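Participant: My questions all concern the structure below.
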Amino acid sequence: MAIETRKLSKSFGELRAVQELDLAIEEGEIFGFLGSNGAGKTTTISMLTGQLRPSAGAAWIMGQDVTVDYKSLSHLIGVVFEFPNLYLRLSAYQNLYFAAQLYDVPGTRIDELLERMGLTDRAHDSVYEFSSGMKQKLVIARALLHQPRVLFLDEPTSGLDPTFARGIRELVRSLREDGTTIFLTTHYMDEAEQLCDRVAFIEQGEIACQGAPSELKREFGKPLIKVELRDGKAATLSLESDKDRRQLAVWSEANALLSVHSQEASLEDVFVEVVGRPIEA
Amino acid sequence: MNLWLVIARKDLLQAVRNRYLIGVLIISLLISAGLRVIDFDTGTLASNELPPVDFQALKFSIAVFSPFAIVCAFVVPLMMVEEKERQTLRFLQISPATIVDVLAGKALVGIVFCLAMSGMGLIFSGEASSGLSAASLAMVALGSILFTGVGLLSSAFFQTSLQANTWAGIPVMVLFFGLIGEVLPLGSGLANLVKLIPAHSASVLLRASLNGSATVEDFAIHVIYFGAWIAAIYALTIWLYQRSDHD
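Going down the list, the sequences are from chains A and B.
Numbering (the working numbering) for the first sequence: 939 to 1219.
Numbering (the working numbering) for the second sequence: 730 to 976.
Now the structure itself:
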């Protein structure tokens, strides 16, 4: 198991930020951790990466207890923070060189990652001059320097333009092919749907439900179809309703159907169904 | 490479590219240069009831320690507070570096700045050859460690650069008063209070070394007292950061 938690909890005074979290994430999996802002996503990442001490429960990364010796985890994990926390007065190369020295990684790896992120031409420019997307790419490069087996991505595409966001999603897919386990937090449901093998919804510090996106959509979605008729009318029918199924058969026999579109539930719909309200960015 | 040196190298690179920090360091050199043109022997500052003022020691103290004050009040706290403000401290937390490595790296940079700036301060003020002895050099070295430690300690209480810029000067003013208090005409009550400030030891030894009256016993007592304060300040700083880390 790449990541495992048992009743992992964190309280800040009276506020119970994360409550009795149970997760089991396989190696090589992309796991989406979805929820509104303030739901407990970043607190969970902070506990799993040794930045915060849990109030109760236990967590393991690649079999190592995160609460015992979190520094021994540093070579196993990489973290892409939501905020691009870089040294702005240093160049891209100097930021990576500093990280390479901390992790005892050879300098050739820096050139390799700058190339992979398309930052080679700007390697010696101050990070002050970088756009948000370039900073985010540099943060990802820094997280990948020591080739971590588990990568935590905290809202990696938040605030990025669609081109950069697409590039980062492609990178995440390629990392899975390399065997890296990815723990992704996001409030972009379509992103999670495209990338994740499994997702969990977190609401007010508790897991509301978890599973593969397709399973969740089947379980919580409503099988609807939208039909357009030759007379210009349209209707939405439920495949679970006998009455609607009979009506569909009638229109079909009468050759009255112009088009039929499946109205498969999205993860957003599942979230609304489970949590009772839309996700808040 | 040792993690202390790795972090120190990065901090040094960051600091020399920070125009604000370079600006305040230049101010400390201007203060030192100003000492060259000020004639301390003109006028009467002390009344007959107070001990005579040792202007030579005062001038030497200001030349050496005003750069320390600038480094302690601005350079060191800002290095640490910027790590919090920019959230780069979170990156360091998940890296192989411990908080002790982070603090030690910054302490090294602070000490290097202190020594380099006070050396330049002595040259600029024309005091470079007036009082250099083993005792005075030892106190300058210990003073740089103390002032840097106080800068790191004060940074534990600030989250933003604005807070650091507003408040970090206060402990420095106390330390600086301890340094120059010995050569100022103070009443007995205030003089006794000044003696409790650790930097006072540096001042006493500096004056003694300038007069040629420093003994090995005096030196040992002041170094032990000074060293105890340094150990306590660094231990408290590490404890405060370790306590806030992970909670």
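We put the beta carbon where it would ideally sit given N, CA and C, even for glycine.
The model shown is predicted, which means the values in this text are computed figures rather than measured ones.
Using 8 angstroms as the limit for Cβ to Cβ distance, is B:ASN747 near chain A?
Facilitator: yes
Participant: Would DSSP call A:CYS1134 helix, strand or coil?
Facilitator: Three-state result, A:CYS1134: coil.
Participant: For A:LYS1075 and A:LEU1083, I'd like the C-alpha separation in whole angstroms.
Facilitator: Approximately 12 angstroms between the Cα atoms of the pair.
Participant: Here's the rule: buried if 16 or more other CB atoms are within 10 angstroms of the residue's CB, otherwise exposed. What is A:ASN1033?
Facilitator: buried
Participant: So with Cβ pairs under 8 angstroms, would you call A:VAL1017 a contact of chain D?
Facilitator: Any reference to chain D falls outside this structure, whose protein chains are A and B.
Participant: I need the straight-line Cα distance from B:LYS739 to A:ALA994, nearest angstrom please.
Facilitator: 37 angstroms
Participant: Would a check of beta-carbon distances place B:LEU873 closer than 8 angstroms to chain A?
Facilitator: Before going further, note that residue 873 of chain B is Ser rather than Leu in the sequence given. Closer than 8 angstroms: no.
Participant: Going by DSSP in three states, A:GLU1202 sits in which element: helix, strand or coil?
Facilitator: Coil, per DSSP.
Participant: Given this structure, state the Cα-to-Cα distance separating B:SER932 from B:ILE926, to the nearest angstrom.
Facilitator: 10 angstroms
Participant: Alpha carbon to alpha carbon, what distance is there between B:PHE784 and B:ALA775?
Facilitator: Unreliable positioning characterises B:ALA775 in this predicted model, as indicated by a pLDDT of 47, which lies under 50. The coordinate reading is nonetheless provided below. If I take the Cα positions, the gap works out to 11 angstroms.
Participant: Taking C-beta pairs closer than 7 angstroms, name the residues in chain A that B:ILE967 reaches, listed in chain order.
Facilitator: Near B:ILE967 there are no residues of chain A at all, since even the closest Cβ is about 16 angstroms away, more than 7 angstroms.
Participant: For a minimum of 3 consecutive residues, which ranges assigned as the beta strand (DSSP E) are wholly contained in the stretch 1067-1107 of chain A?
Facilitator: 1088-1092
Participant: Would A:GLU1141 pass as a contact of A:ASP1092 if the rule is Cβ separation under 8 angstroms?
Facilitator: no
Participant: Per DSSP, what kind of secondary structure is A:LYS1160 in: helix, strand or coil?
Facilitator: coil
Participant: Taking the beta strand (DSSP E) that A:LEU972 belongs to, which residues open and close that run?
Facilitator: 968-972
Participant: Name the DSSP beta bridge partners of A:PHE1139, please?
Facilitator: A:LEU972 and A:CYS1147
Participant: Hey, is A:THR1046's beta-carbon within less than 8 angstroms of any beta-carbon in chain B?
Facilitator: no
Participant: In angstroms with no decimal places, state the Cα-to-Cα distance between A:GLY1149 and A:ARG1156.
Facilitator: 11 angstroms
Participant: Note down, in chain order, every chain A residue with its Cβ under 7 angstroms from the Cβ of B:ALA826.
Facilitator: LEU1040
Participant: Measure the alpha-carbon distance for A:PHE1035 versus A:LEU1026 and round it to whole angstroms.
Facilitator: A small correction: the amino acid at residue 1035 of chain A is Tyr; Phe does not occupy that position in the sequence shown. So the two alpha carbons sit approximately 14 angstroms from each other.
Participant: Does any residue of chain A bring its CB to less than 8 angstroms from the CB of B:ILE760?
Facilitator: no
Participant: Compare the C-beta of A:GLY970 with all C-beta atoms of chain B and state if any pair is closer than 8 angstroms.
Facilitator: no
Participant: Along the stretch 982-997 of chain A, what residues have a CB closer than 7 angstroms to any CB found in chain B?
Facilitator: THR987, GLY988, GLN989, LEU990 and ARG991
Participant: Give a yes or no on whether 8 angstroms exceeds the smallest Cβ distance from B:ARG936 to chain A.
Facilitator: Output row for B:ARG936: interface = no.
Participant: So within the stretch 794-823 of chain B, which uninterrupted alpha helix (DSSP H) runs reach at least 4 residues, ignoring any that extend past its ends?
Facilitator: 805-814 and 817-823
Participant: Quick check on A:GLN989: does DSSP put it in helix, strand or coil?
Facilitator: Looking at A:GLN989 - three-state DSSP - the assignment turns out to be coil, as it is neither helix nor strand.
Participant: Quick one: residues in its chain with C-beta nearer than 7 angstroms to the C-beta of A:GLN957, no 5 flanking neighbours on either side, listed in chain order?
Facilitator: Taking A:GLN957 as the centre and dropping the five residues before and after it, the same chain places the C-beta of SER947, GLY1143 and GLU1144 closer than 7 angstroms to its C-beta, in chain order.
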